[in-house]
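K.L.:
Positions 307 to 657 (this note's numbering) are the ones given, in order, by the sequence shown.
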Amino acid sequence: MSTINDCLLLRAIRKEPVERTPIWIMRQAGRYLPEYIALKNKAGGFINLVKNPELACEITLQPLKRFSLDSAILFSDILVISDVFGIKLSFEENKGPVFDKTINSFKDLKNITSDYEIDRLDYVFKAIKLTKHELNGKNPLIGFIGSPWTVATYFIEGNSTKKFHKVFKMLDTNKELVHALLEEITKVSIKYINAQILSGIDVVMIFDTWGGLLEGEMYKEFSINYVNKIRDSISSNKTPIIYYVRDPKNKADIIKNLNVDVVGIDSTVDIGEFKRLVGSKFTLQGNLDVNVLKLSDEKIHHEVENILESYNGTTGHIFNLGTGITPDINPDKLKTLIEILANISPKYNVK
Ligand code: CP3
307 MSTINDCLLL RAIRKEPVER TPIWIMRQAG RYLPEYIALK NKAGGFINLV
357 KNPELACEIT LQPLKRFSLD SAILFSDILV ISDVFGIKLS FEENKGPVFD
407 KTINSFKDLK NITSDYEIDR LDYVFKAIKL TKHELNGKNP LIGFIGSPWT
457 VATYFIEGNS TKKFHKVFKM LDTNKELVHA LLEEITKVSI KYINAQILSG
507 IDVVMIFDTW GGLLEGEMYK EFSINYVNKI RDSISSNKTP IIYYVRDPKN
557 KADIIKNLNV DVVGIDSTVD IGEFKRLVGS KFTLQGNLDV NVLKLSDEKI
607 HHEVENILES YNGTTGHIFN LGTGITPDIN PDKLKTLIEI LANISPKYNV
657 K
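(1) Can you name, in chain order, every residue of its own chain whose Cβ lies under 8 Å from the Cβ of residue 411, other than the five neighbours on each side?
(2) Between the C-alpha atoms of residue 620 and residue 323, what's the straight-line distance to the nearest angstrom?
(3) Examine the ligand CP3 and report whether any of its heavy atoms sits within less than 6 Å of the Cβ of residue 537.
(4) Out of 351, 341, 489, state which residue places its alpha-carbon closest to the alpha-carbon of residue 533.
(5) In whole angstroms, what separates the C-alpha of residue 477 from that of residue 593?
(6) Once DSSP output is grouped into helix, strand and coil, what is the label at residue 402?
(7) Looking at the structure shown, is residue 635 part of a helix, part of a strand, or coil, going by DSSP?
(8) Runs of 4 residues minimum, wholly inside the region 343-401: which ones carry the alpha helix (DSSP H) assignment?
(9) DSSP on residue 578, reduced to helix/strand/coil?
(10) What is the C-beta distance between residue 437 and residue 380, in whole angstroms, given that I count them as a contact (C-beta under 8 Å)?
(11) In chain order, which continuous runs of the beta strand (DSSP E) of length 3 or greater are located wholly inside the region 433-481?
(12) Runs of 3 residues minimum, wholly inside the region 475-533: which ones carry the beta strand (DSSP E) assignment?
(13) Run through DSSP, which three-state label would residue 422 get?
(14) What is the DSSP secondary structure of residue 331, counted as helix, strand or coil?
(15) Would you check if the distance between the CB atom of residue 564 and the CB atom of residue 331 is smaller than 7 Å?
(16) If residue 328 sits next to residue 624, beta carbons under 8 Å apart, how far is it from one beta carbon to the other, in whole angstroms?
(17) Indicate whether at least one CB of chain C lies closer than 7 Å to the CB of residue 498.
(18) Please go through the same chain and pick out, in chain order, the residues whose beta-carbon is closer than 6 Å to the beta-carbon of residue 404, but skip the five residues on each side of it.
(19) Tell me whether residue 543 is buried or exposed, calling it buried when 16 or more other Cβ atoms sit within 10 Å of its Cβ.
(20) Could you tell me whether the region 416-425 touches the region 535-551, where touching means 3 or more Cβ pairs closer than 8 Å?
(21) Under the criterion of a Cβ to heavy atom distance below 6 Å, does residue 379 qualify as lining the ligand CP3?
(22) Label residue 633 either buried or exposed according to how many other C-beta atoms from any shown protein chain fall within 10 Å of its C-beta, with 16 as the threshold for buried.
(23) Within 10 angstroms of its Cβ, does residue 474 collect 16 or more other Cβ (buried), or is it exposed?
(24) Using CA atoms only, rank isn't needed, just tell me which of 492, 445, 340, 520 is closest to residue 391.
(25) With DSSP run on the structure shown, which of helix, strand or coil describes residue 590?
(26) Specify, as a first and last residue, the run of the alpha helix (DSSP H) that residue 599 falls within.
(27) Quick one: using the 10 Å Cβ neighbour count with 16 as the cut-off for buried, is residue 458 buried or exposed?
(28) Please name the residue, chosen from 402, 406, 385, 401, that lies closest to residue 394 on a Cα-to-Cα basis.
This is the structure in structure tokens:
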């Protein structure tokens, strides 16, 4: 009898032979899908979807009903962990996440660290259990956390910023506070991800989106160290781990030493070149530029072929975009991408 362990995604992660390259898409359940918008409007916003296990489950499954994807990813957000700290998260249309408190002093930090009640995220664990039940072994389910560094940038800024002024200022003037905050987020993240695993997720993904802001020793000190702590505290050694970071090229020497199964990369680097830089220890995930989905089918075909040629391996590749799919993408283009990959990837896989 085949089990979830035999699915294409998990085989590619273990670098076992696959008949074609598996694919899933970051933010595959999201604003580019009219059925997502309809349910979000009915529920009264994103956070209401996330906090309602039945709706979160329904949204998780929406893209799998439309497309032949090889994995589900839990519908939630890396920032809901703020619930454990008693920081209120809301999402404003076109503005992104907003917190009711920011952490800019030891006093601020002390005020949010009274307990570590992971039960406050019960809606996530319920959504995982429901979704696993609905998937019924047909597709794996990816669960996730943000890296402590990436989550900390939001706790410090209080909202979405492209400039990160407060973050850079704190790195410059109060490193001890940054580390103290990272320690707290790490403690909670360990509990949180282990509880997701117990609830049934098949793969862990760690989003270190803003690790891309740091370079060299700073990247190690403020991001990688804490990712390693989480990694070493994941109680199940059979749940594979995907580590995703933006701008990974000049970090390859550091990433090379990570103890994870998969490295997810954005579109700023050539996948074949990155593979040469980190060696063949990891499965790689990525890295089509989302904007390619605005081009003609011929151009999409060409770009998919380029990535497969460049990766140049028979397994150990999970196709994905370099970033999340954006609201301006026509869902039909994603269908086209999936079909192209299904047509042309077999010749790159089992010979
Ligand atoms: O990939 C998935 O579909 C799983 C669910 C998921 C979401 N966010 C849903 C979401 C995951 C894994 C995330 C991760 C996340 N959230 C990251 C790391 C990955 C990345 O995108 O770089 C970050 C930095 C966040 C924080 C966040 N959430 C921001 C900055 C925003 C607003 C801007 C944006 O990108 O949309 C969100 C909102 C969000 N998270 C939406 C979704 C579907 C859009 C919500 C809406 O309908 O308005």
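Ideal placement from N, C-alpha and C gives every residue a C-beta, glycine not left out. These numbers come from a predicted model, not from an experiment.
P.N.:
Concretely, from the data shown:
(1) Locating residue 411 in the sequence shown gives position 105, where the first residue counts as 1. Only 483 meet the Cβ criterion.
(2) Numbered from 1 along the sequence shown, position 314 holds the residue referred to as residue 620. Numbered from 1 along the sequence shown, position 17 holds the residue referred to as residue 323. Roughly 7 Å separates the two Cα atoms.
(3) The residue you call residue 537 lines up with position 231 of the sequence shown. Every heavy atom of the ligand CP3 is 6 Å or more from the Cβ of residue 537, so no.
(4) Indexing the sequence shown from 1 puts residue 533 at position 227. The candidate whose alpha carbon is nearest that of residue 533 is 489.
(5) In the sequence shown, counting from the first residue as 1, residue 477 sits at position 171. In the sequence shown, counting from the first residue as 1, residue 593 sits at position 287. C-alpha separation (whole angstroms): 30 Å.
(6) Taking the sequence shown and counting its residues from 1, one reaches residue 402 at position 96. Note: residue 402 maps to strand in three-state DSSP.
(7) Numbered from 1 along the sequence shown, position 329 holds the residue referred to as residue 635. DSSP places residue 635 in coil when its eight states are reduced to three.
(8) 352-356, 359-372
(9) As a position in the sequence shown, residue 578 is number 272, starting the count at 1. Helix.
(10) The residue given as residue 437 occupies position 131 in the sequence shown. The residue given as residue 380 occupies position 74 in the sequence shown. That pair is a contact at about 7 Å.
(11) 447-452
(12) 509-514
(13) Here the question's residue 422 lines up with position 116 in the sequence shown. Reduced to three states, the DSSP call for residue 422 is coil.
(14) Working through the sequence shown from its first residue, we reach residue 331 at position 25. DSSP places residue 331 in coil when its eight states are reduced to three.
(15) Here residue 564 refers to the residue found at position 258 of the sequence shown. Here residue 331 refers to the residue found at position 25 of the sequence shown. Not in contact: residue 564 and residue 331 (Cβ atoms no closer than 7 Å).
(16) The residue given as residue 328 occupies position 22 in the sequence shown. The residue given as residue 624 occupies position 318 in the sequence shown. Between residue 624 and residue 328 the Cβ distance is about 5 Å, and since that is below 8 Å, they are a contact.
(17) In the structure shown, chain C does not exist; there is a single protein chain.
(18) Within the sequence shown, residue 404 is the residue found at index 98, counting from 1. These residues qualify, in order along the chain: 396, 398, 465.
(19) In the sequence shown, the residue the question calls residue 543 occupies position 237. So residue 543 counts as exposed.
(20) no
(21) Position 73 of the sequence shown holds residue 379. Residue 379 Cβ: within cutoff of the ligand CP3.
(22) For this step, residue 633 is matched to residue 327 along the sequence shown. Exposed, because fewer than 16 other Cβ atoms sit within 10 Å of the Cβ of residue 633.
(23) On the sequence shown, residue 474 is found 168 positions in, with the first residue counted as 1. Residue 474 is exposed by the Cβ-count criterion.
(24) On the sequence shown, position 85 is the one that residue 391 refers to. Of 492, 445, 340, 520, the residue nearest in Cα terms is 492.
(25) Working through the sequence shown from its first residue, we reach residue 590 at position 284. Looking at residue 590 - three-state DSSP - the assignment turns out to be strand.
(26) Residue numbering aside, residue 599 sits at position 293 when the sequence shown is read from its first letter. Premise fails: residue 599 is in no alpha helix (DSSP H) and is neither H nor E.
(27) Taking the first residue of the sequence shown as 1, we reach residue 458 at position 152. Per the 10 Å Cβ criterion, buried.
(28) The residue given as residue 394 occupies position 88 in the sequence shown. Of the candidates 402, 406, 385, 401, the one whose C-alpha sits nearest the C-alpha of residue 394 is 406.
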